[in-house]
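A.B. asks:
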Amino acid sequence: MNKSLIACNILAEVNQDELKLAIVGKWKGHVNGPFEITLEDLNQMKKNFDSGNVDLVIDLDHATIFNKTGEAYGWIKELEVRGDELWANKVEWLEHGKELIKSKKYKYISPVLLPNTIDQATGNNIGWTLHSAALTNRPFLEELGEVVANNKNQNEGESGMTPEEKEKMEGLESKVTTLETELNKEKEKNIETQVDAAIAANKVNPEQKDSLIALGKTNPDSLKDFLDKAKAIVVAPGNDMYLNNNQNNQDEKIDVLKLGGIN
């Protein structure tokens, strides 16, 4: 096997800013020959990364390998060994990197693993290192899932949820919508009750009902303040200013001038 480098195209799953990069196993069909990755190798990759002082680049189609440099589409900032897997614990995706993944123009990640790395300072062989990673469309390892560039504005199809989780989420959203609808109906009913009570108390005219209900829907506090301050409307007497109704007999009219002793 060519020990210079191993580029493993992986359908790697991103969880928020995390990225699975390698797993323990054996592979026989690589272009550079069969190779094996052990848990010790994963730990060595993390150790060598931690001892370095730079983030690792995520480029496009291995430009860093083939062209000696390449534009960054993301940066690997921290590695972690989880069981028999190597994860980029922190990935900073750049916007053009996210866009390539969300548009499905690029779906896979290809880490470049160096089995025999020579330390620049000491000249010693420090073993396995993670050199870089690339967005690519030519997968080699298919065990690790598809790349999903997650962010706060992504749609549900890119959320990485299982069908069961998505179904549960949709059920909860439906319940929330139903509760919101019922709450709005209850609020509208309460507003109408307040207005009807004000009409019954002669604080507002019945003609004002629709406009006051509209006010309550847009600004309940303003409606409450208005109704609290409203006072009963005083009805002006009829045209017969000389007549009044006897409290004991509503049908008997009394001349108010005669009550004053004037003939």
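Using my numbering, you'd call the opening residue of the sequence shown number 1207 and step up by one each time. Where is the CB? At the ideal position from N, CA and C, for every residue including glycine.
1) From the DSSP secondary-structure annotation, give me the bridge partner or partners of THR1335.
2) Specify, as a first and last residue, the run of the beta strand (DSSP E) that LEU1421 falls within.
3) Count the C-beta pairs between the stretch 1236 to 1254 and the stretch 1300 to 1315 that are closer than 8 angstroms, then say yes if the count reaches three, no if not.
4) So who's on the other strand from LYS1226, going by DSSP bridges?
5) Can you tell me which of the three DSSP states ASP1265 falls into?
6) Could you check whether GLU1394 and LYS1423 sit closer than 9 angstroms to each other, using their CB atoms as the reference points?
7) Following the continuous alpha helix (DSSP H) through LEU1306, name the residue where it begins and the one where it ends.
8) Helix, strand or coil, according to DSSP, for LYS1313 in the structure here?
9) Compare the Cα-Cα distances from TRP1233 to each of LYS1409, ILE1243, LYS1226 and report the closest residue.
10) Under 8 angstroms, with one C-beta from each stretch per pair, do the stretch 1289 to 1300 and the stretch 1241 to 1259 reach the 3-pair mark?
11) Roughly how many whole angstroms lie between the Cα atoms of ASN1411 and ASP1431?
12) Is LYS1283 helix, strand or coil by DSSP?
13) Taking all protein chains shown into account, do 16 or more other C-beta atoms lie within 10 angstroms of the C-beta of THR1383, making it buried, or fewer, making it exposed?
14) With distance defined between alpha-carbon atoms, name the residue in VAL1401, ASN1408, LYS1409, LYS1435 nearest to ALA1487.
15) Is it right to say GLU1260 is buried, meaning 16 or more other beta carbons lie within 10 angstroms of its own, or is it exposed?
16) Would you grab the beta carbon distance between ASN1330 and ASN1322 for me? Rounded to a whole angstrom, and I think it's under 8 angstroms.
17) What residues are listed by DSSP as bridge partners for THR1342?
18) Compute the Euclidean distance between the alpha carbons of SER1316 and HIS1302, then round it to the nearest angstrom.
19) In the DSSP assignment, the alpha helix (DSSP H) including LYS1252 goes from what residue to what residue?
20) Which whole-angstrom value is the C-beta distance of LEU1266 and LEU1336, which I expect to be below 8 angstroms?
21) Which value, in whole angstroms, describes the spacing of the CA atoms of GLU1373 and LYS1381?
22) Taking the C-alpha atoms as reference points, what is the distance between GLY1276 and LEU1262?
C.D. replies: To lay it out plainly:
1) LEU1320
2) Not the beta strand (DSSP E): LEU1421 falls in the alpha helix (DSSP H), residues 1415 to 1424.
3) no
4) Assignment of beta-bridge partners to LYS1226 by DSSP yields TRP1293.
5) strand
6) yes
7) 1301 to 1308
8) coil
9) ILE1243
10) By the Cβ criterion, the stretch 1289 to 1300 is in contact with the stretch 1241 to 1259, since at least three pairs of Cβ atoms, one from each stretch, lie closer than 8 angstroms.
11) 17 angstroms
12) In this structure, LYS1283 counts as strand in the three-state DSSP scheme.
13) exposed
14) Residue 1487 falls outside the range modelled here, since the chain spans only 1207 to 1469, and no answer is possible.
15) In the sequence under discussion, the amino acid at residue 1260 is Val, which differs from the Glu named in the question. Exposed.
16) 11 angstroms between Cβ atoms; not a contact.
17) TYR1314
18) 18 angstroms
19) 1245 to 1257
20) No, LEU1266 and LEU1336 are not in contact; Cβ-Cβ is about 17 angstroms, not under 8 angstroms.
21) If you take the alpha carbons of GLU1373 and LYS1381, they lie about 12 angstroms apart.
22) 12 angstroms
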